[in-house]
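Each protein sequence line maps, in turn, to chains L and F. Residue 139 in numbering that gives the first Met the number 0 sits at position 140 of the first sequence, and the numbers go up by one each step. Residue 496 in numbering that gives the first Met the number 0 sits at position 497 of the second sequence, and the numbers go up by one each step. Only one structure is covered here, and it is reproduced in the block below.
Protein chains: 2
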Amino acid sequence: MLKNLLEPKSIAVIGASEDVSKPGGRLTKNILTKGFNGNLYLVNPKGGMIQGVKAYPSIPELPEAPDLALIGVPAKFVRASLEELAAIGSKIVVVLSAGFGELGPEGKKEEKLLAEIATKHGILLLGPNCSGIMTYAHASKFTGAAFNLVRGGIDFISGSGATVDFLAEHAMRRGLTFNSFLTVGNSAQSGVPDIMEIYDDGYGPDSSKIMITYQESIVNPQKFLKAARSLNKKGCLVAGIKAGTTQAGSRAAASHTGAMATNDTAVQALFDKAGVIRVSSRMELVDVAMILQCVKGRTDGKRIAIVTDAGGPGVMLADELNRQGFEVPPYNERIRQRLAEVLPPGAGLNNPADCLPSINGPVMEKVLNILMEEVKDDYDFIVFMMGDSGLSDNWEIYRVLDDAMHKSPIPIIPSMVSVLSSEVPLRKFREVGGCYFEDEVYLARALSRVVNRPKIYEPESGAVGYDRVKISHLMDDQHGALTPQVTREVLQAAGVRFPGQIELTDKAGLKNVPFAFPWVLKVMGPLHKSDVGGVRVNINNLSDAEKTWDELMKIKDASGVLVQQMVKGTEVIIGANREEGYGHLVAFGLGGIYTEALKDVQFALAPLGKEEAGRMIQSIRSLALLKGVRGEPGMDLETLQDILVRIGLLVTDFPSIRELDLNPVKGYGKDIFTVDARIIVD
Amino acid sequence: MLKNLLEPKSIAVIGASEDVSKPGGRLTKNILTKGFNGNLYLVNPKGGMIQGVKAYPSIPELPEAPDLALIGVPAKFVRASLEELAAIGSKIVVVLSAGFGELGPEGKKEEKLLAEIATKHGILLLGPNCSGIMTYAHASKFTGAAFNLVRGGIDFISGSGATVDFLAEHAMRRGLTFNSFLTVGNSAQSGVPDIMEIYDDGYGPDSSKIMITYQESIVNPQKFLKAARSLNKKGCLVAGIKAGTTQAGSRAAASHTGAMATNDTAVQALFDKAGVIRVSSRMELVDVAMILQCVKGRTDGKRIAIVTDAGGPGVMLADELNRQGFEVPPYNERIRQRLAEVLPPGAGLNNPADCLPSINGPVMEKVLNILMEEVKDDYDFIVFMMGDSGLSDNWEIYRVLDDAMHKSPIPIIPSMVSVLSSEVPLRKFREVGGCYFEDEVYLARALSRVVNRPKIYEPESGAVGYDRVKISHLMDDQHGALTPQVTREVLQAAGVRFPGQIELTDKAGLKNVPFAFPWVLKVMGPLHKSDVGGVRVNINNLSDAEKTWDELMKIKDASGVLVQQMVKGTEVIIGANREEGYGHLVAFGLGGIYTEALKDVQFALAPLGKEEAGRMIQSIRSLALLKGVRGEPGMDLETLQDILVRIGLLVTDFPSIRELDLNPVKGYGKDIFTVDARIIVD
């Protein structure tokens with residue numbers, strides 16, 4: 000399937016036209032201009048020649064089923080064309096025609112029909128209202144003919160055609176190369192995740208190592224998750240935008256492609272779990288892709304070596320790198336000495352290496368050679384920053400840079416700042432395959448996004464003492480809110496600890512309570528225990544307990560005493576909510592005011608890996624409080640991690656759980672107990 | 000002075016040369032290329048003609064003292080040239096020559112000498128190691144001749160010459176216009192704040208309304224503050240970068256211009272108090288300047304109307320606007336109806352108005368007219384977003400836009416996204432004075448920076464009960480840490496409340512204690528009160544107090560009892576630290592763990608205005624806790640504000656205070672007391 004998308008042996012244009020202001024005409028022109036090596040079939044009721052190519056009067060007259068068929072006829076004729084294509088055995092159909100779901104319910108109904116027909120015949124349907132596909136091998140897209148795609152470049156799968164063009168113009172101005180553009184239009188049948196799955200299924204050694212995506216709604220979150228994780232493991236990093244996440248944005252998205260508002264917390268958790276670098280603007284997406292193109296798979300490391308020809312931008316770069324958590328370690332004595340031998344007095348030797356504006360090609364070659372020889376063990380990336388002072392030929396310098404980028408043991412990431420005065424040498428640099436940033440601060444931010452990208456974790460498949468069978472038995476036939484007793488039993492069967500408790504009707508039983516002081520004693524029998532003074536906390540020894548027993552039993556209707564372990568310590572909350580399509584979102588935060596007033600909560604999609612749960616905990620702002628302040632012992636983070644993993648397992652195994660709340664979870668060190676809990680199932 | 004900088008009637012180039020690869024030669028060429036209307040005097044020992052202009056063999060031979068003299072001779076001859084210029088009466092001298100402070104201590108000494116000579120003769124000295132000045136009237140700068148400046152554009156004052164060129168290239172590519180570039184090089188005598196002061200002193204009705212600055216060190220924070228605030232009040236907004244604020248950045252800055260590390264908290268507080276919009280990259284500075292150029296002084300408002308020709312970018316824009324706190328209110332029924340009359344089916348009518356890619360000039364004119372008529376009362380800004388679909392002539396659309404930008408009742412801010420395919424129409428748009436963003440998300444962020452810019456507050460000059468004379472008397476001859484007693488008296492004289500306390504030697508005195516329960520009773524006499532059980536808290540009534548009195552007086556060495564009002568409630572800390580050159584940095588934060596573990600503290604430079612103090616309080620992350628959670632009353636924010644104002648007054652009136660700490664400040668509602676305090680003076 001992927002091969003037929005990227006390199007079809009035959010393409011049919013249904014609705015081809017001489018008039019290039021019509022989609023069908025523009026599309027034909029683009030395919031012809033770009034040059035397509037296979038068979039191009041044009042279909043137009045009038046037949047004859049269109050743009051110099053023979054046109055068939057109808058689909059049934061085509062000599063073969065095209066690998067790829069594109070429909071550009073008016074909306075009312077689309078269904079018939081699709082059916083005819085199905086009849087001759089077409090398997091990929093792209094509907095460029097507009098006039099469907101974006102116009103209202105009528106159009107929505109019609110595009111649903113198209114999807115049903117396509118699915119029935121095993122056809123992959125893109126669109127309607129879609130601008131097409133463009134790859135290194137063909138330009139089946141009715142906008143943006145100016146683009147020149149390169150095999151092995153970046154794949155861009157987009158829910159918005161305009162976004163492809165607008166992003167590509169910026170990207171290409173800076174030398175980013177693309178393997179394919181694929182737009183899904185209204186996603187009547189197939190959305191971005193479906194296409195990602197096709198790219199993943201067809202992934203091979205020559206496939207692109209970088210994929211970028213734009214979505215306004217995630218039509219199938221689970222498919223997105225699976226495809227992105229799989230691509231990631233095969234060595235293809237994915238970055239993307241999910242727009243329409245605010246009130247104004249989702250209203251705009253609704254009128255654009257009919258996308259529905261989704262909970263952005265779930266979207267973020269999805270991207271994180273999928274290992275997809277999430278950004279919110281075209282420029283940021285270009286920047287992240289630029290880093291990925293420069294580093295060629297070497298995506299980790301914190302130590303940066305800087306070469307520049309100007310002080311100020313070097314300072315701003317060093318500042319931003321520091322802010323983003325990178326290090327800019329000073330060059331050692333030997334590097335400084337070697338640089339001093341080739342650079343003039345006044346040059347900076349200390350990282351940044353400030354080569355001064357008088358730098359030329361031959362000297363830059365020496366500087367880069369010194370760095371490539373010296374920095375490979377102690378640095379992870381070289382950032383190269385160059386303006387045009389007019390004092391030397393910048394193309395000489397870029398040529399040296401291009402050579403170094405190919406042979407350097409660590410990635411070199413360039414920022415070219417003289418966008419006007421270096422216009423000609425920069426064009427030459429792009430022509431030899433060079434790519435670059437135009438601002439050093441954005442470079443640092445994009446590098447940080449890549450290095451600090453979400454990692455893929457393998458979820459735990461079980462845990463010691465986690466008793467799936469028992470839970471299953473307990474959950475049988477449950478609906479709505481579980482009783483406190485069943486809640487407790489379910490969670491205990493999942494390995495979650497509760498404070499000890501025992502119901503006594505005999506005072507002598509106090510001697511055999513199987514847990515330590517302090518205790519809480521609660522009278523059994525009376526309905527409103529607190530109102531009648533029936534709850535006593537902080538019982539620290541047996542004699543106090545016995546005295547309290549006597550007092551409690553004097554209360555009217557007292558039938559016995561509930562003895563509970565009294566838990567002190569820090570409070571956290573752990574919860575899980577089901578988000579349709581996404582699975583369960585597990586939440587972790589500090590209890591009480593921290594969650595209520597400070598919104599200091601972290602989320603991740605279940606099921607969780609141990610490290611993943613650990614990252615949730617480490618990411619709360621109030622982590623210091625969790626670890627213990629002012630001599631308090633705090634909570635053992637591994638124990639919390641273990642509880643999170645168990646909750647992730649529980650909601651994954653029992654998706655009927657709609658809501659789950661452990662609040663508070665309380666304790667010190669490893670002695671962490673769930674004091675109160677609530678589970679709602681449906 | 001400013002007039003002579005911007006429009007000198009005569010310019011002298013000392014070290015003029017035929018060789019344009021030398022600064023003196025390049026500079027001469029730039030001045031000639033740009034065209035200078037006054038007298039240009041070249042000086043070169045060889046005399047003769049240089050670049051077609053007569054050269055004088057020496058400075059004394061010049062026919063008059065030039066308004067502006069630029070020195071481009073080798074470093075060792077600079078001092079002599081300066082002295083000769085001083086002798087003929089020059090008042091502005093720019094030293095372009097490098098080879099001074101940036102090379103080490105020797106050069107530092109030499110440039111200090113230059114500064115002394117200049118100051119002695121009342122000369123404004125720029126440089127050394129400075130790339131010069133460029134204005135709408137002359138191009139006295141040895142780099143960047145390509146720039147075309149426009150009277151009334153933006154003033155850019157920079158501590159880095161390369162940063163000017165690099166920023167300007169980006170800015171001009173997008174149509175930003177500049178009034179002047181001024182670089183200060185090593186700032187031997189005059190730095191960015193000094194130049195700002197000159198621009199402020201010479202500010203007139205024709206002056207620029209926008210100033211941008213780049214600094215690696217703030218040579219004179221107080222001058223920066225004064226000039227920026229004064230410019231702001233005159234209608235000129237200032238935005239700027241202070242680089243070199245991280246460890247790596249300040250090392251880079253040190254090797255660039257010898258800037259020293261400064262406390263970034265103080266820098267941020269300085270920018271805030273000065274009303275200067277602070278950014279950290281060239282691009283962000285261009286973006287903020289772009290907003291200011293578009294909005295022509297209308298810098299407030301939250302409600303955005305959007306016009307676009309493409310869905311996706313409209314969604315990303317609406318998202319970012321929402322995230323930045325803007326509103327994108329839906330168009331009302333009348334606007335929707337009027338838009339529907341001119342736009343094709345499928346167009347979005349609901350804000351964003353999505354005009355679809357088929358939009359052309361005449362239709363866009365109608366759309367903009369509708370919006371200009373309808374939105375002026377309900378919206379504050381129009382954001383206009385346009386790509387190039389190839390389906391119509393974009394220049395037609397830009398021409399309509401240009402016209403609308405001139406006559407619209409509310410500012411129109413454009414984002415032009417097809418940077419390659421619209422190259423020609425965009426050039427035309429810039430030629431008629433148009434300017435634009437290239438990314439809608441960056442537009443939203445920059446607009447937010449402008450709308451949410453730091454405001455200028457007038458500090459309070461006094462407060463009820465603030466007794467400057469008494470404090471002055473108390474502070475007389477004080478050094479080091481003040482005693483608890485003096486600390487209390489000083490703060491009380493400033494109007495800060497302490498909990499009541501009274502020393503009693505007679506039990507009967509308990510009846511007349513002038514403050515309410517609860518009390519703390521502390522035995523007087525014994526050295527380590529706590530160790531001997533001499534501190535009793537939570538005394539709630541007189542009989543308990545009398546009983547406790549008896550117990551305390553039984554303690555060995557007891558000589559009496561200190562009765563203190565016991566304060567309950569929320570805890571905050573208030574402090575002040577002197578930062579050399581900046582004045583005092585006043586700090587406010589929630590007490591205890593919030594300050595220690597969560598670093599939730601806000602800072603502002605003293606003296607404070609009431610609203611300014613209010614903003615500090617409102618800006619802490621834990622504000623909800625301060626206001627009271629779970630039914631607790633919280634603290635009265637105005638009372639806290641009042642304490643902050645008093646502390647600001649105190650440290651401003653008594654700059655010998657090096658450190659001041661009120662920790663904790665405690666209470667509920669308006670009853671807020673300083674429980675413990677510390678003042679160190681020098």
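Every residue gets a Cβ at the ideal spot worked out from N, C-alpha and C, and that includes glycine. Note that the coordinates shown come from a computational prediction; the quantities given were computed from them, not determined experimentally.
Residues sharing a beta bridge with residue i, DSSP
i         : result
Leu4(L)   : In the DSSP output, where bridge partners are listed per residue, Leu4(L) has none listed.
Ala346(L) : Per DSSP, none; premise fails for Ala346(L).
Lys454(F) : None, per the DSSP bridge assignment.
Ile470(F) : Note: Ile470(F) sits in no beta bridge, so no partner.
His583(L) : Arg577(L)
Asn38(L)  : Ser9(L)
Alpha-carbon spacing of residue i relative to residue j, whole angstroms
i         : j         : result
Ala238(L) : Lys222(L) : 16 Å
Gly310(L) : Pro7(L)   : 51 Å
Leu509(F) : Gln500(F) : 12 Å
Glu702(F) : Leu348(L) : Since the first residue shown for chain F is 0 and the last is 681, residue 702(F) is missing from the structure and cannot be characterised.
Ser9(L)   : Thr134(L) : 14 Å
Glu215(L) : Ala242(L) : 5 Å
Gly647(F) : Gly608(F) : 9 Å
Gln292(F) : Val183(F) : 25 Å
Ser20(F)  : Arg448(L) : 41 Å
Asp635(L) : Asp641(L) : 10 Å
Ala623(F) : Leu520(L) : 35 Å
Val628(F) : His583(L) : 30 Å
Proximity of residue i and residue j at Cβ, strictly below 8 Å
i         : j         : result
Gly14(F)  : Val72(F)  : yes
Asn576(F) : Glu658(F) : yes
Ile201(L) : Arg452(L) : This sequence places Gly at residue 201(L); Ile is not what is there. Their beta carbons are not under 8 Å apart, which means Gly201(L) does not touch Arg452(L) by this criterion.
Cys129(L) : Leu166(L) : no
Lys90(F)  : Ile58(F)  : no
Tyr213(L) : Gly158(L) : yes
Val512(L) : Leu551(L) : no
Pro525(L) : Ile554(L) : yes
Val566(F) : Val674(F) : yes
Ser388(F) : Pro356(F) : yes
Cβ separation of residue i and residue j, assumed to be a contact under 8 Å, to the nearest whole Å
i         : j         : result
Pro329(F) : Glu439(F) : Actually they are not in contact, since the Cβ atoms of Pro329(F) and Glu439(F) sit about 19 Å apart, beyond 8 Å.
Phe383(F) : Leu446(F) : Not quite, the Cβ-Cβ distance comes to about 13 Å (not below 8 Å), so this is no contact.
Ala605(L) : Val650(L) : 5 Å
Asn359(L) : Ile396(L) : 7 Å
Ala187(F) : Ala114(F) : 4 Å
Met633(L) : Leu625(L) : In the sequence as displayed, the identity of residue 633(L) is Gly instead of Met. Yes, Gly633(L) and Leu625(L) are in contact; Cβ-Cβ is about 6 Å, under 8 Å.
Leu69(L)  : Ser16(L)  : Going by Cβ atoms, the distance from Leu69(L) to Ser16(L) rounds to 12 Å, so no, they are not a contact pair.
Glu637(F) : Leu561(F) : About 32 Å; that fails the 8 Å criterion.
Exposure of residue i, with buried meaning 16 or more beta-carbon neighbours within 10 Å
i         : result
Asp48(L)  : It is Met, not Asp, that sits at residue 48(L) in the sequence shown. Exposed is the call here.
Val463(F) : exposed
Thr482(L) : exposed
Val468(L) : exposed
Asp475(F) : exposed
Ala339(F) : exposed
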